[in-house]
Amino acid sequence: SRIVLATHNPHKVEEFGAIVAATRPDLEVVGYDGPEPVEDGVMFADNALIKARAAAAHTGLPALADDSGICVDVLGGAPGVFSAYWAGHKKDAVANLELLLDQLSDIADPHRAARFVSTIALVTPDGREHVVEGVWPGRLALRPSGGGGFGYDPIFLPDGHDGRSAADLTAPEKNAASHRARAFVALAPLLQNLER
Ligand code: ITT
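One rule links them: number in the UniProt record's numbering = place in the sequence shown (from 1) + 1.
Have a look at this one:
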């Protein structure tokens, strides 16, 4: 049987492919190229459900979607659901992280706490809906470093990694520790329960 991943982010496709393959190797993962819903939720869970429902309705298959972002304590949790478009309507990862560093320029190290959040929705054709979430705590760096990952990884220093940024980690290191990895822990049993 098949499952659809409702995302256009190739990094997410890679990370999701690995978890599905590890949990349900019998499931064939397909991409979604149907109509794009408007992501106008105010919570990560709203947007994850909007994306997964659209893909499930259009394909008749179980659908997975991730809505994620970075939440900065001194900004009251922003950028949050606005992470992809923080510096404007263009989805420009470098502009986004530079703006965020600018906004934190007066904030000293002990007050730069932040976290990545990944919220994953699973919607089945019979209308069942599940939402799981993973959180990766850390703090914002003073400047970008590292060549791996995507998005805000170069300016996020996850707790317990000796001051290395998420972009300094290898892919296996990031995929073992990240917010998405933590959400996957809760997702795996739901995938196990999907019809065979
Ligand atoms: P889809 O909606 O097509 O899945 P997207 O990238 O637009 O792709 P979101 O709307 O959920 O997804 O935006 C999430 C943003 O949060 C993403 O563009 C990054 O800027 C940031 N983000 C999420 N996970 C991240 C990670 O693991 N590392 C770095 N940045 C991340």
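Just so it is clear, CB atoms sit at the ideal spot from N, CA and C, and this is done for glycine as well.
Could you spell out where the beta strand (DSSP E) holding residue i opens and where it closes?
i	result
D68	64-73
F157	157-159
What's the call for residue i, buried or exposed, on a 16-neighbour Cβ count within 10 Å?
i	result
D68	buried
P159	buried
V133	buried
K175	buried
N48	buried
N194	exposed
D127	exposed
With respect to the alpha helix (DSSP H) encompassing residue i, which residues constitute its N-terminal and C-terminal limits?
i	result
V14	11-24
K52	45-60
R181	180-193
L100	94-104
Could you tell me which residues DSSP pairs with residue i in its beta bridges?
i	result
G32	L6
W137	F117
A122	A66, V132
P80	C72
Taking 9 Å as the threshold (beta carbon to beta carbon), is residue i in contact with chain C?
i	result
D107	Checking the listed chains, one finds no chain C in this structure; it contains a single protein chain.
How about residue i: is its Cβ closer than 8 Å to a heavy atom in the ligand ITT?
i	result
S9	Here residue 9 turns out to be His, not Ser, going by the sequence shown. Yes, the Cβ of H9 comes within 8 Å of a heavy atom of the ligand ITT.
A79	no
D47	no
H90	no
R140	no
F157	yes
R116	no
V165	The residue you asked about is not Val; residue 165 is Arg in the sequence shown. Result no, Cβ not under 8 Å from the ligand ITT.
E99	no
A64	no
Would you grab the beta carbon distance between residue i and residue j for me? Rounded to a whole angstrom, and I think it's under 8 Å.
i	j	result
F157	A167	5 Å
P57	V124	Rather than Pro, the amino acid found at residue 57 in this sequence is Ala. Their Cβ separation, rounded to whole angstroms, is 4 Å, which keeps A57 and V124 in contact under 8 Å.
L6	V30	6 Å
A94	F151	7 Å
V118	C72	6 Å
P155	S146	6 Å
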